[in-house]
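Read the structure below first, then the notes.
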Amino acid sequence: MTGAGDHPEVWKVPPRNKNFTGREELLNRLRSDIAGKVTAVVPHALYGLAGVGKTQAAVEYAHRFRQHYDLVWWVPADQPGLVRTTLAQLAPRLGLPEPSAMGIEEAAAAVLDALRRGVPYSAWLLIFDNADEPADFTDVIPSEGPGHVLVTSRNHRWENVVDTVAIDVFQREESVQFFKRRMRRAITDEDATRLADALGDLPLALEQAAALQTETGMPTDEYLRLLEERTSRLLSEGKPIEYRHSMTAAWELSMAQLKKQSPEAMELLRCCAFFGPEPIPRAVFAPVEGPVRAQTAELVADPIRLGRAIGKLNKYALVRIDNESRLRTLQVHRLIQALVREELRPEEHQSIRSEVHSLLVGWAPSDPDVPAAWARYDALLPHIAPAKVAESLRPGVRDFALNVVNYLSASGNHVSMREHVRVFREQWTRDSGPEDVYVLKATKAEGDLLRYLGKYNEAFELNTRTLASLRQAVGNENPETLALLNGIGADLRAKGLFREAREHDTNSVNLHKKVLGPGHVRTLRAMNNLAIDHGLLSDYWKAREILEEALRTQQGERQDQTGTVLNLWNSLSRAVRGCGEYEEACDIGHDALAYGQEQLDADHYRILLAKKDLAISLLRAGDRAEALEMAREVHARYVRLYGLEHPGTLAAAACLSNSLRVNDEAEKAFKLAVDTMERFPKLYGAEHPYTCGCVSNVALLHRVRGRPEEARRLNQQALEGIEKRLGRDHHYSLIIAINLASDLAELGDLEAACRLGEDNHLRLTALLGERHPTTLAAASNLSADLRASGREEEAEILFERTMEHYAATLGREHADVKVAANQRHLDLDIDPPPI
Numbered sequence: 006m007t008g009a010g011d012h013p014e015v016w017k018v019p020p021r022n023k024n025f026t027g028r029e030e031l032l033n034r035l036r037s038d039i040a041g042k043v044t045a046v047v048p049h050a051l052y053g054l055a056g057v058g059k060t061q062a063a064v065e066y067a068h069r070f071r072q073h074y075d076l077v078w079w080v081p082a083d084q085p086g087l088v089r090t091t092l093a094q095l096a097p098r099l100g101l102p103e104p105s106a107m108g109i110e111e112a113a114a115a116v117l118d119a120l121r122r123g124v125p126y127s128a129w130l131l132i133f134d135n136a137d138e139p140a141d142f143t144d145v146i147p148s149e150g151p152g153h154v155l156v157t158s159r160n161h162r163w164e165n166v167v168d169t170v171a172i173d174v175f176q177r178e179e180s181v182q183f184f185k186r187r188m189r190r191a192i193t194d195e196d197a198t199r200l201a202d203a204l205g206d207l208p209l210a211l212e213q214a215a216a217l218q219t220e221t222g223m224p225t226d227e228y229l230r231l232l233e234e235r236t237s238r239l240l241s242e243g244k245p246i247e248y249r250h251s252m253t254a255a256w257e258l259s260m261a262q263l264k265k266q267s268p269e270a271m272e273l274l275r276c277c278a279f280f281g282p283e284p285i286p287r288a289v290f291a292p293v294e295g296p297v298r299a300q301t302a303e304l305v306a307d308p309i310r311l312g313r314a315i316g317k318l319n320k321y322a323l324v325r326i327d328n329e330s331r332l333r334t335l336q337v338h339r340l341i342q343a344l345v346r347e348e349l350r351p352e353e354h355q356s357i358r359s360e361v362h363s364l365l366v367g368w369a370p371s372d373p374d375v376p377a378a379w380a381r382y383d384a385l386l387p388h389i390a391p392a393k394v395a396e397s398l399r400p401g402v403r404d405f406a407l408n409v410v411n412y413l414s415a416s417g418n419h420v421s422m423r424e425h426v427r428v429f430r431e432q433w434t435r436d437s438g439p440e441d442v443y444v445l446k447a448t449k450a451e452g453d454l455l456r457y458l459g460k461y462n463e464a465f466e467l468n469t470r471t472l473a474s475l476r477q478a479v480g481n482e483n484p485e486t487l488a489l490l491n492g493i494g495a496d497l498r499a500k501g502l503f504r505e506a507r508e509h510d511t512n513s514v515n516l517h518k519k520v521l522g523p524g525h526v527r528t529l530r531a532m533n534n535l536a537i538d539h540g541l542l543s544d545y546w547k548a549r550e551i552l553e554e555a556l557r558t559q560q561g562e563r564q565d566q567t568g569t570v571l572n573l574w575n576s577l578s579r580a581v582r583g584c585g586e587y588e589e590a591c592d593i594g595h596d597a598l599a600y601g602q603e604q605l606d607a608d609h610y611r612i613l614l615a616k617k618d619l620a621i622s623l624l625r626a627g628d629r630a631e632a633l634e635m636a637r638e639v640h641a642r643y644v645r646l647y648g649l650e651h652p653g654t655l656a657a658a659a660c661l662s663n664s665l666r667v668n669d670e671a672e673k674a675f676k677l678a679v680d681t682m683e684r685f686p687k688l689y690g691a692e693h694p695y696t697c698g699c700v701s702n703v704a705l706l707h708r709v710r711g712r713p714e715e716a717r718r719l720n721q722q723a724l725e726g727i728e729k730r731l732g733r734d735h736h737y738s739l740i741i742a743i744n745l746a747s748d749l750a751e752l753g754d755l756e757a758a759c760r761l762g763e764d765n766h767l768r769l770t771a772l773l774g775e776r777h778p779t780t781l782a783a784a785s786n787l788s789a790d791l792r793a794s795g796r797e798e799e800a801e802i803l804f805e806r807t808m809e810h811y812a813a814t815l816g817r818e819h820a821d822v823k824v825a826a827n828q829r830h831l832d833l834d835i836d837p838p839p840i
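For the sequence shown, this note's numbering assigns the number 840 to the last residue and increments by one with no breaks.
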């Protein structure tokens, strides 16, 4: 393998430790082993206990052998969920679109594919630092390609899956050499040997000892004497027994000196010990309301003193400073955090943890729904569990916890949302009882999550119980009660109870306007839900009226309501499409998508919904190729992100199947439509209108593929099923009836086809108007059947009137109009909208 010379074209690795010592044999062996694997990517793992220098060895390897690589990329792997984000950042370096354009998941996948193919770089090195469970990295570590992978981990399980190199403590000679390089003053071999022996050659302990002596100028004899006096204290259970004496002694000595020279730096370190081991935004340390120790309050109120304290911790090698990151962070090693906590009394744990809660609450944005706030919440998220936020009884902290849940929901991180909701709800129930208001709020969030995941029955049952409890606890007009009312309307729609949902949401909108006002974001959401209800009952014009009112009202507000506005705009596009105005629906859909893409990434669930609906509008407007391309993209993203049985995936599958059919890919369309039909009942039940719609889509494809008898059977089944819920005078029912009439005509039963066609045409004219595209399709099909049955005069009159209306609505160049002009049957499909 040949590289690009001394300087790779793409380089992201932490700075080299100028005091790096030893590991020569290890690094040379690692290089020889890695370079010898030429047939496939064979990851190599550096593993060992915390503090032995795994990361430093990986950094040194990258710098020392950089001339062999075109690309070297460092991937922090402490949090597996963020690995794809780091990989996605490589995309523009490989000539791929930015992650903001593709979405994190697709960008990461594209990067891995480019590395596999060796385009544009044929020699690359990926380093996954501090990876824990091997199973978490199966999909993000390349298995083939012209490159190398290096992993660092404390977890010995990597031995079972990759080639591993164990890193132990330093050899004595390496320890001595380290002290000589690290200390700015001269140290004899004898003193270095004595220090190394006392510290057990553990690199982390050596670093602390060298930093302390460099900073204080303490003689070796004094250091060793103090070290000896403090060796009796042991680390807590579960710490590495091989190093506990040396690590404890070194740590306690550093503690004593820090307390003596900079008490406020010591207090800052104590505070940091109760955050997580991930980077802490420096801006978190600012004056806040709520319980904060006096010394901390004074420190964070003075930026100069705070900076001095952070600098002192950095000098003692107790924190890692990153001033290059956007948020500017400091990070404390988890071992140091544990040792700091261990030397504190239980009551001090409680007060400092409460202080951390205050700092987290103080820095968190007040509105988690706003995309501009997500970067802060994302930085705070790794500290929620380590800081034991769930255990706080303070209302302000619990409000913050719920804001975290709302942020996870708004940003589309439903996996993490599920875990946080579970932890908060269980802990709060233990602490405050099941009827506590905060428990009920968390339960409401759990119900929302269940609905989003398609667990509709569970969501309805949970939300109904929660609503009763909330009404009893805080009343019917409390904002939390109102928020849950919105969700229950969606639950009713999920059960196929569209009329009941409309009645429920009508009352909900009126109550929202009364309590919160017409411009409140929750009122606008309630209006959106009511508009969905009207659309599902074929009253698209009323839905449009409600949505236009909501958007006019929102424009007078100054709040950032990206998600809500995008929903309203997208719903308006859907309502306009329902009214039969396809070109206008496309225009609104394009505008809605562009608006959403300004702040949301390509994989966000609201963007996927907007694209799916736009694909349907494009299909109706006659832009079949563009519709198919967009439908394919959306369906692929849904499958990759959510699996095959998520509600969004199934809706996207129906859209893709319909797009494939009109683009002359009937076999692919049929296969996908059958699979979708079989999956829909698992979410919605066999009698839900959406399920009936999917059955009709399959029936249509049976006829297209030359099986009209099977098509008739399925359409008859679908029509009987949907009439039970919605009656005959519903848009969906009449679409199915139009297709059934075509089945009858194909089977030669023209009398029955004409009779059903006449009924369909009359009902659609009354429901949607005589110029609606669905009404015109029914009229066109009927005229063809009348002509075929010998009723020429009636057929011609209806045909001429239909073509005039088509010219005035869709235009003569529309694909449907051309089919009608040739007296061929038009086929209609159903695309289930969101719940």
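Yeah, the Cβ is synthetic: ideal placement off N, Cα and C, and Gly gets one too. Nothing here was measured: the structure is a model prediction, and the numbers come from that model.
Extent of the continuous alpha helix (DSSP H) run through residue i
i: G367; result: 351-368
i: H419; result: 419-437
i: W379; result: 379-385
i: F61; result: Phe is not the amino acid found at residue 61; the sequence shown has Gln there. Residues 59-69.
i: T193; result: Counting along the chain, T193 falls outside any alpha helix (DSSP H), and DSSP gives it neither H nor E.
i: V410; result: 400-416
i: P376; result: It is not in any alpha helix (DSSP H) - P376 carries neither H nor E in the DSSP assignment.
i: Q300; result: 299-305
i: V703; result: 694-709
i: K393; result: Unbroken run through K393: none, as it is neither H nor E.
i: K676; result: 671-689
i: L211; result: 208-221
i: H640; result: 629-647
i: F465; result: 461-479
i: L31; result: 29-41
i: H810; result: 797-814
i: R313; result: 308-320
Range covered by the beta strand (DSSP E) that runs through residue i
i: A171; result: 168-171
i: H49; result: 49-52
Cross-strand partners of residue i (DSSP beta bridge)
i: Q342; result: Its beta-bridge partners do not exist; DSSP assigns none.
i: D327; result: T334
i: P286; result: T334
i: L76; result: V15, W129
i: P652; result: The partner list for P652 (beta bridge, DSSP) is empty, contrary to what the question assumes.
i: P81; result: D134
Beta carbon of residue i nearer than 8 Å to that of residue j
i: L170; j: R275; result: Reading the sequence as shown, one finds Val at residue 170 and not Leu. Contact flag unset, no.
i: N165; j: D137; result: no
i: G367; j: A291; result: yes
i: P308; j: S363; result: no
i: Y382; j: Y412; result: yes
i: A782; j: L761; result: no
i: G27; j: E179; result: yes
i: L117; j: P147; result: yes
i: K617; j: C660; result: yes
i: M188; j: A215; result: yes
i: V145; j: P48; result: no
i: R684; j: E715; result: no
i: D206; j: F184; result: no
i: K59; j: E220; result: no
Rounded distance between the beta-carbons of residue j and residue i, thought under 8 Å
i: A620; j: A630; result: Not a contact, Cβ separation roughly 11 Å.
i: L385; j: A369; result: 6 Å
Distance cut-off 7 Å: residue i Cβ against heavy atoms of the ligand SAM
i: A473; result: For the structure depicted, the ligand SAM is absent and the ligand set is empty, with no information on it obtainable.
**Prompt:** Taking only runs of the alpha helix (DSSP H) that begin and end inside the region 557-617, which ones reach a length of at least 4 residues, in chain order?
**Reply:** 567-583, 587-602
**Request:** At 3 residues or longer, and completely inside the region 104-184: list those beta strand (DSSP E) runs for me, N to C.
**Result:** 129-134, 152-158, 168-171
**Asked** In chain order, which continuous runs of the alpha helix (DSSP H) of length 4 or greater are located wholly inside the region 481-538?
**Response** 484-499, 503-520
**Request:** Tell me the start and end of each unbroken alpha helix (DSSP H) in the region 731-787 that is at least 4 residues and wholly inside, in chain order.
**Result:** 736-751, 755-773
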